[in-house]
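For the sequence shown, the working numbering assigns the number 354 to the initial residue and increments by one for each residue that follows.
Beta carbons are placed, not taken as given, at the ideal position from N, Cα and C, and that holds for glycine.
In this text the structure is predicted, and so the values were computed from the model without any measurement.
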Amino acid sequence: MNRTIAVTIVFLIFLSIIATIGTYTTTKAIGQVVKITENAPEYIKNVETILIELQDDINAFTEDWPAHFVREVEETAAENLVSLEAQIMDYIQIDNIAQFILKIPEFLISFIVYMIALFLFMLDLPNLRNKMYSMMTDQTQEKFKFMNARLAYVLLGFLKAQFLVSLIIFTVTLISLLFITPEIALVMSIIIWAVDLIPIVGSIIVLAPWSIYMFLVGDMLMGIQLGVLAIVLLTIRRTIEPKVMGHHIGLKPLPTLIAMYIGLQLIGILGFFLGPIVVIIFNSAREAGIIKWRVKF
């Protein structure tokens, strides 16, 4: 197929998927944010009510403690609670939400410019590659062509691995949330799936606060279920990801895990993904003869 037609078709499919998911998720998320904003005072009052109910138990537990010390602790806790309430109310003011919404057009413009640049780059990629090869000797060209083919295979394998792991995460999350809270199961599954792509933090950043809130409002069962789901998702990603990535990018699980960890420690989140790719580049360069490393003891 002509490259222009092929790139155009792939781009249209990609944009259609992104637009569909983005529109649905954004609409539902904005609705939930508005609902939370409207009900925030009630949520805070519920938490305060729970804390007041717990005060009797606390008083019974601390009845033998020095009265001055207990009074100081209670006053400090009350001040912190009032300060926290004020901070939450300031954060969810309509003005702050309006400012966030006003930034959306700016983001859309940047996204459109990025997509146009990416489209043009993909169209002109063969010409750029040929210009680079024209500055090399035939022998060097063969070595770099071998490396490019190897890297293309690795990058495709990397995308396959990420897709498979994320598909497992999304499926487990959706099935679990259909039993826990079916009303918002799909929306929250999409959000958790997207956040879970962040290394180390992952789905915990969504499920942990959600679980804690359910404990505070008295729904112990749902809080426990969300906590268990967070642990399950974390275990799945940390267990399956090295194996799947190692299979699809040509590295064994242990070197893949080591490369991920070293990359994460050196340059952060980006290094988590670049670590295995750097190892593949090194191995490809060594196989192509660009790097000659023969060490014998």
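If you draw a 10 Å sphere on the C-beta of PHE625, you find 16 or more other C-beta atoms in it, and that means buried.
If you compare the alpha carbons of SER487, ILE465 and ILE521 with that of ALA372, the shortest gap goes to ILE465.
Straight through space, the alpha carbons of LEU586 and ILE615 are spaced by roughly 23 Å. If you draw a 10 Å sphere on the C-beta of GLY628, you find 16 or more other C-beta atoms in it, and that means buried. Excluding residues up to 5 positions away in sequence, VAL570 lie with their Cβ nearer than 6 Å to the Cβ of ASN399 in the same chain. When secondary structure is reduced to three states using DSSP, ASN501 falls in the helix class. Of the other Cβ atoms in all chains shown, 16 or more fall within 10 Å of the Cβ of ARG590; this residue is therefore buried.
Per DSSP, the continuous alpha helix (DSSP H) segment holding ILE558 begins and ends at 557-569. In terms of Cα proximity to SER369, the closest of ILE383, SER463 and MET468 is MET468.
ILE584 and THR534 have their C-alpha atoms roughly 18 Å apart. Residues of the same chain with a CB within less than 6 Å of the CB of VAL360, apart from the 5 flanking positions on each side, are MET475 and LEU476 in chain order. Looking at LEU471, ASN501, LEU473 and TRP546, the one whose alpha-carbon comes closest to that of ARG482 is ASN501. Within its own chain, the residues whose Cβ lies closer than 7 Å to the Cβ of LEU530, once the five positions on either side in sequence are excluded, are ALA538, MET541 and SER542, listed in chain order. The beta carbon of VAL597 sits closer than 8 Å to those of ALA514, LEU517 and VAL518, all from its chain and outside the five residues before and after it, given in chain order. Counting only the Cα atoms, GLY621 lies some 31 Å from GLN578.
Looking at ASP572, ILE362 and GLY375, the one whose alpha-carbon comes closest to that of PHE472 is ILE362.
Taking 9 Å as the cut-off, the Cβ atoms of ILE383 and LEU508 do not count as close. Burial is judged here by how many other beta carbons sit within 10 angstroms of a residue's own beta carbon; ILE462 has fewer than 16 and is exposed. Here the alpha carbon of MET567 sits roughly 7 Å from the alpha carbon of MET573. Pairing GLY510 with ILE405, the inter-Cα distance amounts to about 55 Å. Under the three-state reduction of DSSP output, GLY616 falls in the helix class. Bounds of the alpha helix (DSSP H) holding ASP549 are 538-549. Assigned with DSSP and collapsed to three states, ASP572 falls in coil, not helix or strand.
In the three-state DSSP reduction, PRO419 falls in the coil class, being neither helix nor strand.
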